[in-house]
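Residues in the sequence shown are numbered consecutively from 186, following this note's numbering. Heads up, the beta-carbon is just placed ideally off N, CA and C, and yes, glycines get one too.
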Amino acid sequence: MPVEFLLLLGFWTVPWLLDLGTREIRMRRDRRRQALWSQAARAIGLEAIEEIGSAVRSRQGKLLVRFGKRREDEWNSSAEIEIAGPGLAPRLTLRPETARGASDVTVGDDDFDREVHVEGSPALALAILDNATRQAVRSLLRGSFEVDGLAPLAVTGCVDSGLLRIWIPQEQEREEQLVAVVRAGLALGAHLMASSDLATRLARNLALESKTGVRRRILLTLVREFPDHEATREALRAMRTDRDAELRLQAGIALGAEGRDMLMDVAASGKASDKASARAVTALGRSLTLDEATKLLKAACQAVRVQTARACVGIVGTYGCEALPLLSDALLESAFGDVAARALGATDNPRAEAPLLRALAEGAPSVRRAAAQALGRVGTRNAVLPLREAERDSALRSVARQAIAQIHARLSGAGQGQLSLAEDESGHLSLSDDEAGRLSLSPDAGKNAAPAGRA
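Dropping the structure here:
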């Protein structure tokens, strides 16, 4: 046999033999791994153990467990454990925050929201991710998996659209490690099971949750998505004794008339934020008596709670003539005098003119502007000259002119000395501000205008 032929045969045969040997080595390794997985499944007590292809499938109750491999390169791959089942985090994804995906759901736990990217239903996420589950998920994503007090495990994983995945490095692929990881995975899987009654589970989480941000989101979710559920009503009522004023405020608003006492408590509470107290006053509205609104206003002024004071003045203003003295006293308060001015204007009462004129002359800029606007509603001819003076201030010019126009429009049957032609509109009569007893034409009125002194 020629040497050349033997060389050529070797050229084609040796690589084929090497590849055959490599494949045989891999197959033997895969069989050993598969046997190891089956042994671990039996040690855990899993049921219906099956070796299918290069994987092992089994179950525990409703949870399905699959052992397989996650290929990284030709020689090294990590063991992958998948746990799934009906109700396990349906359509919910939990991955490291660096992962890119759809819009991120936040649960109100700053540490968790910073580390975990959540996709799926916000209500489902809040129902499933109680404090213990959040801690377990964070530990899994960080690579030090710990759940329900079990020893930490150096593995990583994620939840991918309802499928819990856990990856074990090849060097740790031993029976005892596999057993520990699967047990921890099954424990987390139990936490991730969704309830058919989300409202009840949310209400339970609300009662047990310690983080304020999470509790607020849960309550808002209950009110928004399950407003008529009995669990929601009970959760709202339970807020009466809650330490968080914001939660009492939201519950009081949601309960309507039944929550009036909660809103009154927040409105009068010195511990609630000024913003929360103001919102409580606004929510109470005309259910507040004038006496109640006045007391809240005085307390807010003493405590320098500006937003609450402004809300109180707005409510007081709805009482019209009854509130004139209080609103008049409040006009020169720079913090809420503008609200008082608008409230006085809304009374449509001529008695409001005198305090408004004083505010126009002495108030802060925002108060003067509001007073000018209010005088357009309640002012008489006596307000025109002060408003003309106010026109000299560029910040007030437009509102003062508008107020004068409104006063002119309301006047009817004006007597001698009260009318003149407008400066910008020939033939339009308005109050004279300079010469009593005379009608005057604007500069462009035309040569055929009537002489001065004739109507």
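Beta-carbon proximity check, residue i vs residue j, cutoff 9 Å
i       : j       : result
Ala-556 : Val-524 : no
Leu-349 : Leu-231 : no
Ala-544 : Val-552 : yes
Ala-484 : Ala-453 : yes
Ala-546 : Pro-510 : no
Gly-293 : Arg-445 : no
Arg-490 : Ala-463 : yes
Leu-512 : Val-501 : yes
Ile-237 : Leu-249 : no
Leu-393 : Val-366 : no
Leu-475 : Ala-494 : no
Leu-434 : Ala-420 : no
Leu-326 : Cys-343 : yes
Cys-497 : Ala-478 : yes
Gly-455 : Ala-488 : yes
Gln-362 : Ile-351 : no
Ser-306 : Val-290 : yes
Ala-384 : His-414 : yes
Asp-295 : Gly-374 : no
Ala-225 : Glu-410 : no
Gln-245 : Ile-229 : yes
Thr-532 : Ala-508 : yes
Ala-549 : Ser-583 : no
Arg-425 : Met-447 : yes
Asn-316 : Lys-396 : yes
From the options, residue whose alpha carbon lies closest to that of residue i
i       : options                            : result
Leu-542 : Phe-521, Ser-519, Glu-574          : Glu-574
Gly-253 : Ala-321, Ala-594, Ala-339, Glu-358 : Glu-358
Arg-276 : Phe-521, Ala-379, Leu-363, Asn-567 : Ala-379
Gly-270 : Ala-365, Arg-242, Ala-336          : Arg-242
Asp-459 : Thr-479, Glu-431, Gln-435          : Glu-431
Arg-527 : Glu-477, Gly-499, Tyr-504, Val-301 : Gly-499
Ser-262 : Arg-299, Arg-214, Thr-532, Val-290 : Arg-214
Gly-530 : Ser-519, Glu-518, Tyr-504          : Tyr-504
Arg-319 : Leu-279, Thr-283, Ala-228, Thr-341 : Leu-279
Ala-240 : Arg-227, Asp-315, Ile-266          : Ile-266
Thr-565 : Ala-220, Ile-592, Ser-223          : Ile-592
Ala-388 : Arg-418, Ser-223, Leu-377, Ala-369 : Arg-418
Val-301 : Glu-282, Ser-519, Arg-428, Ala-317 : Glu-282
Asp-345 : Asp-382, Val-303, Asn-316, Asp-315 : Val-303
Val-364 : Arg-536, Leu-469, Ala-264          : Ala-264
Gly-347 : His-376, Glu-443, Lys-396, Pro-412 : His-376
Glu-356 : Ser-579, Arg-471, Arg-577, Arg-218 : Arg-218
Arg-595 : Glu-576, Leu-581, Asp-578, Pro-535 : Pro-535
Asp-427 : Ser-381, Asp-450, Arg-577          : Asp-450
Arg-368 : Leu-391, Ala-468, Arg-227, Cys-486 : Arg-227
Arg-255 : Arg-577, Thr-341, Ala-537, Ala-336 : Thr-341
Gln-492 : Leu-473, Lys-480, Asp-514, Val-466 : Val-466
Beta-bridge partners of residue i, as assigned by DSSP
i       : result
Gly-253 : Glu-265
Glu-236 : Val-241
Glu-304 : Thr-278
Thr-341 : Trp-352
Phe-330 : Leu-338
Met-378 : Leu-273
Leu-248 : Gln-245
CB contact check: residue i to chain B, cutoff 9 Å
i       : result
Arg-251 : Among the chains in the structure shown there is no chain B, since it carries only a single protein chain.
Contact test: residue i Cβ vs the ligand NAP heavy atom, cutoff 8 Å
i       : result
Leu-309 : Here there are no bound small molecules, and the ligand NAP is not part of this structure.
- Does the region 429-441 come within contact of the region 321-340, defined as at least 3 CB pairs closer than 8 Å? Segments in contact, no.
- Every unbroken alpha helix (DSSP H) within the region 505-579, with a cutoff of 4 residues, ordered by chain: Counting only runs of 4 or more, we get 509-515, 522-531, 538-547, 550-563, 569-575.
- Query: Three or more beta-carbon pairs under 8 Å between the region 392-410 and the region 309-328, yes or no?
  - Reply: Using a C-beta cut-off of 8 Å, the region 392-410 makes contact with the region 309-328, since at least three inter-stretch Cβ pairs fall below that distance.
- Task: Evaluate the contact criterion for the region 561-570 versus the region 578-595: three or more CB pairs, one atom per stretch, below 8 Å.
- Result: Because the criterion of three Cβ pairs below 8 Å is met, the region 561-570 and the region 578-595 touch.
- Item | Completely contained alpha helix (DSSP H) runs for the region 464-502, where each covers 4 or more residues | When DSSP assignments are scanned along the region 464-502, the uninterrupted stretches of alpha helix (DSSP H) that are 4 or more residues long and fall wholly within it turn out to be 475-487, 491-502.
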